[in-house]
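*Asks:* Dropping the structure in here first, questions after.
Protein chains: 4
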Amino acid sequence: MERELTTAIRRPRADSLRNREKLLAAAAAVFRETGGQGTLEAVARTAGVGIGTLYRHFPTREALFEAVYRREIDQLDDLSRELAEDDDPVAALRRFLHGMVGMVATKKGMVAALAIAIDGSCDIAVYSFTTLSAAMQRLHEPAVASGRLRPDVSADDILQTVIGMCLARREDRWEGAVTRLADVFLDGLLVPEAPAMALRRESARG
Amino acid sequence: MERELTTAIRRPRADSLRNREKLLAAAAAVFRETGGQGTLEAVARTAGVGIGTLYRHFPTREALFEAVYRREIDQLDDLSRELAEDDDPVAALRRFLHGMVGMVATKKGMVAALAIAIDGSCDIAVYSFTTLSAAMQRLHEPAVASGRLRPDVSADDILQTVIGMCLARREDRWEGAVTRLADVFLDGLLVPEAPAMALRRESARG
Amino acid sequence: MERELTTAIRRPRADSLRNREKLLAAAAAVFRETGGQGTLEAVARTAGVGIGTLYRHFPTREALFEAVYRREIDQLDDLSRELAEDDDPVAALRRFLHGMVGMVATKKGMVAALAIAIDGSCDIAVYSFTTLSAAMQRLHEPAVASGRLRPDVSADDILQTVIGMCLARREDRWEGAVTRLADVFLDGLLVPEAPAMALRRESARG
Amino acid sequence: MERELTTAIRRPRADSLRNREKLLAAAAAVFRETGGQGTLEAVARTAGVGIGTLYRHFPTREALFEAVYRREIDQLDDLSRELAEDDDPVAALRRFLHGMVGMVATKKGMVAALAIAIDGSCDIAVYSFTTLSAAMQRLHEPAVASGRLRPDVSADDILQTVIGMCLARREDRWEGAVTRLADVFLDGLLVPEAPAMALRRESARG
DNA sequence: TATGAATGAGCGTTCATTCAT
DNA sequence: GATGAATGAACGCTCATTCAT
Numbered sequence: 001m002e003r004e005l006t007t008a009i010r011r012p013r014a015d016s017l018r019n020r021e022k023l024l025a026a027a028a029a030v031f032r033e034t035g036g037q038g039t040l041e042a043v044a045r046t047a048g049v050g051i052g053t054l055y056r057h058f059p060t061r062e063a064l065f066e067a068v069y070r071r072e073i074d075q076l077d078d079l080s081r082e083l084a085e086d087d088d089p090v091a092a093l094r095r096f097l098h099g100m101v102g103m104v105a106t107k108k109g110m111v112a113a114l115a116i117a118i119d120g121s122c123d124i125a126v127y128s129f130t131t132l133s134a135a136m137q138r139l140h141e142p143a144v145a146s147g148r149l150r151p152d153v154s155a156d157d158i159l160q161t162v163i164g165m166c167l168a169r170r171e172d173r174w175e176g177a178v179t180r181l182a183d184v185f186l187d188g189l190l191v192p193e194a195p196a197m198a199l200r201r202e203s204a205r206g
Numbered sequence: 001m002e003r004e005l006t007t008a009i010r011r012p013r014a015d016s017l018r019n020r021e022k023l024l025a026a027a028a029a030v031f032r033e034t035g036g037q038g039t040l041e042a043v044a045r046t047a048g049v050g051i052g053t054l055y056r057h058f059p060t061r062e063a064l065f066e067a068v069y070r071r072e073i074d075q076l077d078d079l080s081r082e083l084a085e086d087d088d089p090v091a092a093l094r095r096f097l098h099g100m101v102g103m104v105a106t107k108k109g110m111v112a113a114l115a116i117a118i119d120g121s122c123d124i125a126v127y128s129f130t131t132l133s134a135a136m137q138r139l140h141e142p143a144v145a146s147g148r149l150r151p152d153v154s155a156d157d158i159l160q161t162v163i164g165m166c167l168a169r170r171e172d173r174w175e176g177a178v179t180r181l182a183d184v185f186l187d188g189l190l191v192p193e194a195p196a197m198a199l200r201r202e203s204a205r206g
Numbered sequence: 001m002e003r004e005l006t007t008a009i010r011r012p013r014a015d016s017l018r019n020r021e022k023l024l025a026a027a028a029a030v031f032r033e034t035g036g037q038g039t040l041e042a043v044a045r046t047a048g049v050g051i052g053t054l055y056r057h058f059p060t061r062e063a064l065f066e067a068v069y070r071r072e073i074d075q076l077d078d079l080s081r082e083l084a085e086d087d088d089p090v091a092a093l094r095r096f097l098h099g100m101v102g103m104v105a106t107k108k109g110m111v112a113a114l115a116i117a118i119d120g121s122c123d124i125a126v127y128s129f130t131t132l133s134a135a136m137q138r139l140h141e142p143a144v145a146s147g148r149l150r151p152d153v154s155a156d157d158i159l160q161t162v163i164g165m166c167l168a169r170r171e172d173r174w175e176g177a178v179t180r181l182a183d184v185f186l187d188g189l190l191v192p193e194a195p196a197m198a199l200r201r202e203s204a205r206g
Numbered sequence: 001m002e003r004e005l006t007t008a009i010r011r012p013r014a015d016s017l018r019n020r021e022k023l024l025a026a027a028a029a030v031f032r033e034t035g036g037q038g039t040l041e042a043v044a045r046t047a048g049v050g051i052g053t054l055y056r057h058f059p060t061r062e063a064l065f066e067a068v069y070r071r072e073i074d075q076l077d078d079l080s081r082e083l084a085e086d087d088d089p090v091a092a093l094r095r096f097l098h099g100m101v102g103m104v105a106t107k108k109g110m111v112a113a114l115a116i117a118i119d120g121s122c123d124i125a126v127y128s129f130t131t132l133s134a135a136m137q138r139l140h141e142p143a144v145a146s147g148r149l150r151p152d153v154s155a156d157d158i159l160q161t162v163i164g165m166c167l168a169r170r171e172d173r174w175e176g177a178v179t180r181l182a183d184v185f186l187d188g189l190l191v192p193e194a195p196a197m198a199l200r201r202e203s204a205r206g
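These protein sequences, in sequence, are chains R, Z, C and B. Counting from 1, one number per residue, gives the positions in the first sequence under the UniProt record's numbering. Counting from 1, one number per residue, gives the positions in the second sequence under the UniProt record's numbering. Counting from 1, one number per residue, gives the positions in the third sequence under the UniProt record's numbering. Counting from 1, one number per residue, gives the positions in the fourth sequence under the UniProt record's numbering.
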């Protein structure tokens, strides 16, 4: 997007692009408030354009959904790839959980994106869940391989748990609370150290 | 239909009550299949009564919603009251989580009831969340008081976590998986034993 | 329809039936004026009922079409069956052509019914053309068998010709003119008598 | 596109005329396939120009319609003028009927043009019918004057009959069939010879 | 001048709710 | 009380037409 501004050969797109962005922002807002049920009329009105303009940019509701949510999902995928480089796999997994919670709590359309990933059966829902599942797998597998994570809880289980923690929120500023909950859950996932080793470490601290 | 006109004098309420029950059952079924989007015409048809009869019992869509979901929530409340009698507060809490997961996985309208408790802003949503919050509180407080549960995670946090675990499911038969996840989460909530005590217990087992 | 009035067990249909009739009349009028293109909104408005009522009676445009036009077509079919009893097959065919022209010129929805029979590909169009084709066949076959009608022009050719004569009209009162045209066409279809016989008949007259 | 800006000064009309022709051809094709219902966007796309260009040439849908169909009608008018030179007026009339049928069966937009001439009330419909009426008159009058044609059937009657024969067709390749039907009709229009004369001619043949 | 993005009135359709029977 | 026909606001979507580039 940024790059295209420099390749200024196609000019008559300035306002069109602006409308597209306005529509995406409006859709994110409307869908967030209505749980993805908002009318396209409302999206167009919120964006300040005619309904025809919305349909020119996104010929189906699905297309708008996809445009709105794909970018959100891809950001989580990117985060997972970064953390996969980390040396400590359990720490990387924990950072991913924290990162997810942080992004979902902060970014506008992310909650709706996750809700759709869980609930929907449309193309973007399948894409979203598949992408997130792979992202989680990328960090979960090494963690299990390290022997420090219970192997009987799958990556998808963790993914759905954290998503559930983010979605099942009634209050407003929940980032801290949910981060703590994710930590609690991850603590539960850790293979208990042999007491001897725990005792040894306890002595070292004390 | 014609025949019932003659019996209508002898039992003026029996039919009405039966219709009410048929409508509630039908609504639970229809709302479950459609994610709460089903038409009232479909509910009436499923119940085998006219749309007018539906409206006599439930003057708005909202009212039907409320009646359907209140009973689901009340069953969870009942479970909480039973378990509050239990001697071991942590075990009681664990049983409540298991019971919730079991009921939600099994009972027809429960998923939708929880979704509304979390998401909605209507009367029934407020009632549902308040009721469930109190139910969880009833078991959480003694468990924290026993010193075996981390005090920095609230009853509402636990409630929302378990609800989230139930809602964020794409596959079909998830009772086992989510019960295990709830256990993992509860494990994470347990205050770690002093290593010495753990060692002692370890010896006892071996 | 007439008979059902006597079987007066189902009462609550009085106004409903009236609405149905109003809708059929309105549809015939609107479709006639617009060549079958009129909006359903206009039909409902013309009938003086809400659009929802139209949809309750006729859930698709096709269903309304069918209800409007089937009765028109069936009247032509009835006429054909009556005339099939006639002794003189050519006279019967001529009477059928006159009858068609007369009915089409007089009855409200008939022109549109024929237009659809010719033009449409929907169910009612197929039904209409098939029915009319059989009706014409019923009278054409004996006429050809009598040896007095050219055998190289099919019943469908005649049918489409007469329909065409009725449809291709710009002026208002065309019954007389088209009847004469149908006669001219039928004259052209007659196998020329052997001159000797013609001469003989000529003498008889003179 | 960019290049043409430099050549636009040298030939200001060539492109424009070419576009006009492309649009007319595209419109004829699109209207034929859709029964006159095609969108202007589709016409422009088929022509390979922008919708704005279409509107520059034809400021309303009606104007495009008119331009498309006028040329079809004018071809029939030309045919009539040619045949008016013929010596045998009845043969000329027959040739005109054959020619009409042939052109309508073959030429792309002709069926639609006739349908509009008959059905429409717009400018082009009036022009079309008037033109065709005059064309038919030109050939009909001498034929009637020759005494060989029934005088009680008007030129407009013949015109509408032949148009009707062409329009009322459900099958595909109908040129032969309709040509025969037109002949039958014309046969019916011929003034019957006096039997004596027929007998004389019969003898001459035998 | 050519382009195609923007507009919005209008159509087909659904469905919560009302009301006559 | 029960029924289901009637209503009409509102939604999804199309497309003729306008206008900025």
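We put the CB at the ideal spot given by N, CA and C, even for glycine.
(1) Tell me, to the nearest whole angstrom, how far the beta carbon of E171/R is from that of G102/R; I am working on the premise that it is less than 8 Å.
(2) Enumerated in chain order, which unbroken segments of the alpha helix (DSSP H) with a length of 4 residues or greater are wholly contained in the UniProt DNA-binding region "H-T-H motif" (39-58) of chain B?
(3) Using the Cβ count rule (16 or more neighbours within 10 Å means buried), how would you classify T161/R?
(4) Counting only runs of 3+ residues fully inside the stretch 150-197 of chain R, write out the beta strand (DSSP E) ranges in chain order.
(5) Rounded to whole angstroms, what's the CA-CA distance from D123/B to E66/B? Just pull it up for me.
(6) What residues in its chain sit with their C-beta under 6 Å from that of A113/B, if we drop five residues either side in the sequence?
(7) Counting C-beta neighbours from all protein chains within 10 Å, is the total for E4/Z 16 or more, i.e. buried, or is it exposed?
(8) Can you check whether the C-beta of I124/R is within less than 7 Å of a C-beta belonging to chain Z?
(9) Residues of chain B with CB closer than 7 Å to the CB of I118/C, please, in chain order.
(10) Using 7 Å as the threshold, is the C-beta distance between G36/R and V184/Z below it?
(11) Determine, using beta-carbon pairs with one atom in the stretch 38-47 of chain R and one in the stretch 78-85 of chain R, whether at least three such pairs fall under 8 Å.
(12) May I ask you to list, following chain order, the residues of the stretch 147-164 of chain C that have a beta carbon less than 9 Å from some beta carbon of chain B?
(13) For G109/R, which three-state DSSP category applies?
(14) Please classify R169/B: is it buried, with 16 or more other beta-carbons within 10 angstroms of its beta-carbon, or exposed?
(15) Just tell me which of F58/B, P151/B, A63/B, D152/B has its CA closest to the CA of A125/B.
(16) Cutting at 8 Å between CB atoms, please list the residues of its own chain near V111/Z, excluding the five before and the five after it.
(17) Near R150/B, what residues of its chain come up, given a Cβ to Cβ distance below 7 Å and the 5 sequence neighbours on each side ignored?
(18) When the Cα of T34/C is compared with those of D157/B, L79/B, D119/B, which residue comes out closest?
(19) For A47/Z, which residues from the same chain have a beta carbon less than 6 Å from its beta carbon, with the 5 sequence-adjacent residues on both sides left out?
(20) With a 10 Å radius around its C-beta and 16 neighbouring C-beta atoms as the bar for buried, classify A134/C as buried or exposed.
(21) Enumerate in chain order the residues of its own chain whose CB-to-CB distance from T131/Z is below 6 Å, with the five nearest sequence positions on each side excluded.
(22) Are any of the Cβ atoms in chain R nearer than 7 Å to that of D74/Z?
(23) Between A177/C and chain B, is there a C-beta pair that is closer than 7 Å?
(24) Suppose you measure from the CA of S16/B to the CA of R61/R; what does that come to, to the nearest Å?
(25) Going by C-alpha distance, which of V49/Z, S80/Z, R173/Z is nearest R95/Z?
(26) Between S117/R and H140/R, is the Cβ-Cβ spacing less than 7 Å?
(27) Taking the alpha carbon of M100/R as the reference point, which residue from Y55/R, V178/R, P59/R has its own alpha carbon closest?
(28) Let me check understanding here. Comparing Cα to Cα, which of A145/Z, R56/Z, V144/Z, A182/Z lies closest to L159/Z?
(29) Roughly how many whole angstroms lie between the Cα atoms of G164/Z and Y55/C?
(30) Taking the alpha carbon of T53/C as the point to measure from, which residue in N19/C, V30/C, G147/C has its own alpha carbon closest?
(31) Would you grab the beta carbon distance between G109/R and A28/R for me? Rounded to a whole angstrom, and I think it's under 8 Å.
(32) Taking the beta carbon of G206/B as the centre, do at least 16 other beta carbons fall within 10 Å, making it buried, or is it exposed?
(33) Just verifying my parser: in three-state terms, what is the DSSP assignment at T34/B?
(34) Any idea what DSSP makes of G102/R, helix, strand or coil?
(35) So which of F58/C, L97/C, G50/C has the shortest CA-CA distance to D157/C?
*Replies:* Well, looking at it:
(1) Position 171 of the first sequence, counting from 1, holds the residue named residue 171/R. Position 102 of the first sequence, counting from 1, holds the residue named residue 102/R. In fact, because the Cβ distance is near 17 Å, the residues do not count as touching under 8 Å.
(2) 40-47, 51-57
(3) Reading the first sequence from its first residue, position 161 is the one you call residue 161/R. Flag for T161/R reads buried.
(4) none
(5) Residue 123/B sits at position 123 when you count from the first residue of the fourth sequence. Residue 66/B sits at position 66 when you count from the first residue of the fourth sequence. Those two C-alpha atoms are separated by around 8 Å.
(6) By one-based count along the fourth sequence, residue 113/B stands at place 113. Within the same chain, A113/B has close Cβ partners Y69, E72, I73.
(7) Counted from its first residue, the second sequence places residue 4/Z at position 4. Any reading at E4/Z must be qualified, since the residue scores a pLDDT of 48, below 50, and its modelled position is unreliable; no value is offered.
(8) Looking up residue 124/R in the first sequence gives position 124. No - not a single Cβ of chain Z is within 7 Å of the one on I124/R.
(9) Here residue 118/C is taken as the residue at index 118 of the third sequence, counted from 1. The answer, in chain order, is A168, R170.
(10) Along the first sequence, one-based indexing puts residue 36/R at 36. Along the second sequence, one-based indexing puts residue 184/Z at 184. No, the Cβ-Cβ distance between G36/R and V184/Z is not below 7 Å.
(11) no
(12) R150, D152, V153, S154, D156, D157, I158, L159, Q160, T161, V162, I163, G164
(13) Position 109 of the first sequence, counted from the start, is the residue given in the question as residue 109/R. Three-state result, G109/R: coil.
(14) As a first step, residue 169/B is located in the fourth sequence; it is residue number 169 there, counting from the start. The residue is buried, with at least 16 neighbouring Cβ atoms inside 10 Å.
(15) Here residue 125/B is taken as the residue at index 125 of the fourth sequence, counted from 1. Among F58/B, P151/B, A63/B, D152/B, the Cα nearest to that of A125/B is on A63/B.
(16) Position 111 of the second sequence, counting from 1, holds the residue named residue 111/Z. Hits under 8 Å: R32, V104, C166, L167.
(17) The residue given as residue 150/B occupies position 150 in the fourth sequence. L189, V191.
(18) If you number the third sequence from 1, residue 34/C lands on position 34. It is D119/B.
(19) Numbered from 1 along the second sequence, position 47 holds the residue referred to as residue 47/Z. For A47/Z, where only same-chain residues beyond five positions count, the Cβ hits under 6 Å are K22, L23, A26.
(20) Counting from one through the third sequence, the residue named residue 134/C turns up at place 134. By the 10 Å Cβ count, A134/C comes out exposed.
(21) Here residue 131/Z corresponds to residue number 131 of the second sequence, with the count starting at 1. Within the same chain, T131/Z has close Cβ partners I73, D77.
(22) Within the second sequence, numbered from 1, the residue matching residue 74/Z stands at position 74. Not closer than 7 Å to any Cβ of chain R, the Cβ of D74/Z fails to qualify, so no.
(23) In the third sequence, residue 177/C corresponds to position 177, counting from 1. Output row for A177/C: interface = yes.
(24) Start at 1 with the first residue of the fourth sequence, and residue 16/B comes out as number 16. Start at 1 with the first residue of the first sequence, and residue 61/R comes out as number 61. One C-alpha to the other measures close to 39 Å.
(25) By one-based count along the second sequence, residue 95/Z stands at place 95. Closest option to R95/Z, Cα to Cα, is S80/Z.
(26) As a first step, residue 117/R is located in the first sequence; it is residue number 117 there, counting from the start. As a first step, residue 140/R is located in the first sequence; it is residue number 140 there, counting from the start. Reading the sequence as shown, one finds Ala at residue 117/R and not Ser. No, the Cβ-Cβ distance between A117/R and H140/R is not below 7 Å.
(27) Position 100 of the first sequence holds residue 100/R. Of the candidates Y55/R, V178/R, P59/R, the one whose C-alpha sits nearest the C-alpha of M100/R is V178/R.
(28) Position 159 of the second sequence, counted from the first residue, corresponds to residue 159/Z. Measuring from the Cα of L159/Z, the nearest candidate turns out to be A182/Z.
(29) The residue labelled residue 164/Z in the question sits at position 164 within the second sequence. The residue labelled residue 55/C in the question sits at position 55 within the third sequence. About 42 Å.
(30) Position 53 of the third sequence, counted from the start, is the residue given in the question as residue 53/C. Ranking the options by Cα distance to T53/C, first place goes to N19/C.
(31) Position 109 of the first sequence, counted from the start, is the residue given in the question as residue 109/R. Position 28 of the first sequence, counted from the start, is the residue given in the question as residue 28/R. Sure, about 4 Å apart at Cβ, within 8 Å.
(32) On the fourth sequence, residue 206/B is found 206 positions in, with the first residue counted as 1. With a pLDDT of 48 at G206/B, under the threshold of 50, the predicted position of this residue should be treated as unreliable, though the coordinate-derived value follows. Classification for G206/B: exposed.
(33) The residue you call residue 34/B lines up with position 34 of the fourth sequence. In this structure, T34/B counts as helix in the three-state DSSP scheme.
(34) What you label residue 102/R is simply residue 102 of the first sequence in a count that begins at 1. If DSSP states are grouped into helix, strand and coil, G102/R belongs with the helices.
(35) Taking the first residue of the third sequence as 1, we reach residue 157/C at position 157. For the residues F58/C, L97/C, G50/C, the minimum Cα distance to D157/C belongs to L97/C.
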